[in-house]
Amino acid sequence: MKYTLADIKRGQLGVITDVSSVHIPLKLLEMGCLPGNAVELVQVAPFADPMYLNINGTHLAIRKETAIHILIDIADV
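This is the structure:
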């Protein structure tokens, strides 16, 4: 089953597999949101938007509408 970054739960770990959508801003790619990088959901703001993530040590806040375009593999815990 394919998961997106919007599917990850707080504290879960995953690995980014695809960021090829045209809906992903270049700024996110420059900040490390690239395939193969580890991602963890740190916190979610009220109403579930934005999401506060740790991607390979870089902390980013992204909107859920962007997160649905980033494919991930969720690590089994």
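Using our numbering, read the sequence shown as starting at 54 and increasing by one per residue. Even glycine gets a Cβ: it sits at the ideal position worked out from N, Cα and C.
Secondary structure at A120: helix, using DSSP grouped into helix, strand and coil. Taking A91 as reference, the option from H76, M54, Y56, I125 with the minimal CA-CA separation is I125.
Taking C-beta separations shorter than 6 Å and ignoring five residues to either side along the sequence, the partners of H122 in its chain run S74, H76, I77, following chain order. In the displayed model, A98 falls within coil according to three-state DSSP, outside both helix and strand.
Judged by their CB atoms, G67 and I127 are nearer to each other than the 8 Å cut-off. Residues of the same chain with a CB within less than 8 Å of the CB of Y56, apart from the 5 flanking positions on each side, are G67, L124, I125, D126, I127 in chain order.
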